[in-house]
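To start, the structure itself, in structure tokens.
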């Protein structure tokens, strides 16, 4: 009985002491309340725009990259 009590106590203590993993996103500015997480889609280009599809399921992205004109 004493062994079970110690085992349960240890397991509860161990489960409660786990480190909470916080996702610190460097793209989110301090104090921002509207974003949960962000992902950078591209690393180059200009005149970039993104639109949601009509059903809201897809993100359509367009950008100009290179020497040609828009």
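Residue numbers (the numbering used here): 36 to 105.
Quick reminder that beta carbons are idealized off the backbone N, C-alpha and C, glycines included.
Inset, instruction - Name the one or two DSSP bridge partners that residue 96 has. - result: 85
Inset, instruction - Ignore the nearest five residues each way along the sequence and tell me which others in residue 85's own chain have a CB closer than 6 angstroms to its CB. - result: 94 and 96
Legend entry - Closest residue to residue 100 among 87, 88, 79 and 92 (Cα-Cα distance): 79
Inset, instruction - Using the Cα positions of residue 83 and residue 75, report the straight-line distance between them to the nearest angstrom. - result: 12 angstroms
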